[in-house]
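**Student:** Below is a structure I'd like to ask you about.
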Amino acid sequence: MKDKPQDVKYRTEPLSFSEELARAVIDSLSAHIAIIDENGVILECNRAWKVFSVKNGMPENVDFKGMNYLGVCDSVTGEDASDAFEIAKGIRQVINGEITEFLFDYPCHTLDSKHWYYMRAIRMSDAKPVRVIISHEDITALKLVEEALRESREKLEEQKQSLEEANIALKVLIKHR
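Counting the sequence shown from 1 gives a position; the working numbering is that position plus 1.
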């Protein structure tokens, strides 16, 4: 009798989480990831973070290590300032242990297309000193679907209203015959 898949035992070697493996894992993620310290200084970021930055006008050789993420948020001006201030406030709450996780979705449109991102800040468990993982995930496809659904709903409401008005007009017409 043949073994069922769940009966087959595979011999696996436990992974040793070396710095090399950790780097490979973080660079394999699609989310833009940065790790900051208790002051908001970027200690590390992944490949997706760097690629996104270059695509959006940063020089290829920019080194994010040592850059103060909170300082950047605090210095934003213009229409994006309120989002940036809200993000900085949420990250500080995570750093201070007031909340365990901060979530925020925001638009990040370019001249030629619309984009939205979902930002998450969470403390690294058991990290001393404090380390916070910041991730930005592209949710543009989801937002575009939401927008299309909203537009469809509005069109259906308009059609429903027109049908109701036509029905009332028809009833009035029949009544007066």
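Note that CB positions come from ideal geometry on N, CA and C, so glycine has one too.
Helix, strand or coil: which one does DSSP assign to residue 82?
**Tutor:** Against the sequence shown, residue 82 aligns to sequence position 81. Three-state result, residue 82: helix.
**Student:** Residue 122 by DSSP, collapsed to three states: which one?
**Tutor:** In the sequence shown, residue 122 corresponds to position 121, counting from 1. Residue state, collapsed to three classes: strand.
**Student:** For residue 116, I'd like the list of residues in its chain whose CB is within less than 8 Å of its CB, leaving aside the five on either flank, ordered along the chain.
**Tutor:** Translated into the one-based positions of the sequence shown, residue 116 becomes position 115. Correct list, in chain order: 108, 109, 110, 139, 141.
**Student:** Measure how close the beta-carbons of residue 122 and residue 91 come, nearest whole angstrom, since I'm counting them as under 8 Å.
**Tutor:** Translated into the one-based positions of the sequence shown, residue 122 becomes position 121. Translated into the one-based positions of the sequence shown, residue 91 becomes position 90. Indeed they touch by this definition, with Cβ atoms about 6 Å apart.
**Student:** Please report the distance separating the alpha-carbon of residue 65 from that of residue 14.
**Tutor:** For the purposes of this step, residue 65 is taken as residue 64 along the sequence shown, with counting starting at 1. For the purposes of this step, residue 14 is taken as residue 13 along the sequence shown, with counting starting at 1. Near 35 Å, if we compare the C-alpha coordinates of residue 14 and residue 65.
**Student:** Drop a sphere of 10 angstroms on the beta-carbon of residue 11, count the other beta-carbons inside from all chains shown, and report buried for 16 or more, exposed for fewer.
**Tutor:** Taking the first residue of the sequence shown as position 1, residue 11 is located at position 10. Classification for residue 11: exposed.
**Student:** Using three-state DSSP, classify residue 69 as helix, strand or coil.
**Tutor:** To locate residue 69, count along the sequence shown from 1; it is residue 68. Reduced to three states, the DSSP call for residue 69 is strand.
**Student:** Whether or not the stretch 50-57 and the stretch 29-36 are in contact is what I'm after, with contact meaning three or more pairs of Cβ atoms, one per stretch, closer than 8 Å; do they touch?
**Tutor:** In short, these stretches touch, since the Cβ pair count reaches three.
**Student:** Just mark residue 120 as buried or exposed, buried being the case when its beta carbon has 16 or more other beta carbons within 10 Å.
**Tutor:** On the sequence shown, residue 120 is found 119 positions in, with the first residue counted as 1. The residue is buried, with at least 16 neighbouring Cβ atoms inside 10 Å.
**Student:** What does a CB cutoff of less than 6 Å around residue 58 pick up in its chain, not counting 5 residues either side in sequence?
**Tutor:** Translated into positions along the sequence shown, residue 58 becomes position 57. The answer is none, since no qualifying residue turns up.
**Student:** Report yes if the CB atom of residue 146 is closer than 7 Å to the CB atom of residue 124, and no otherwise.
**Tutor:** Working through the sequence shown from its first residue, we reach residue 146 at position 145. Working through the sequence shown from its first residue, we reach residue 124 at position 123. For residue 146 and residue 124, no; Cβs fall outside 7 Å.
**Student:** What residue range does the beta strand (DSSP E) around residue 134 cover?
**Tutor:** Translated into positions along the sequence shown, residue 134 becomes position 133. Here the beta strand (DSSP E) through residue 134 covers 132-139.
**Student:** Select from 133, 56, 76 the residue whose C-alpha is nearest the C-alpha of residue 93.
**Tutor:** Counted from its first residue, the sequence shown places residue 93 at position 92. Answer by Cα proximity: 133.
**Student:** Between the Cα of residue 88 and the Cα atoms of 97, 103, 99, which residue gives the shortest distance?
**Tutor:** Translated into positions along the sequence shown, residue 88 becomes position 87. Among 97, 103, 99, the Cα nearest to that of residue 88 is on 103.
**Student:** Where residue 98 and residue 70 are concerned, what is the direct C-alpha to C-alpha distance, given to the nearest angstrom?
**Tutor:** For the purposes of this step, residue 98 is identified with residue 97 of the sequence shown, where counting begins at 1. For the purposes of this step, residue 70 is identified with residue 69 of the sequence shown, where counting begins at 1. Going by the C-alpha atoms only, they are around 18 Å apart.
**Student:** In whole angstroms, give me the CA-to-CA distance for residue 43 and residue 100.
**Tutor:** Sequence index remark: in the sequence shown, residue 43 carries index 42 (1-based). Sequence index remark: in the sequence shown, residue 100 carries index 99 (1-based). If I take the Cα positions, the gap works out to 20 Å.
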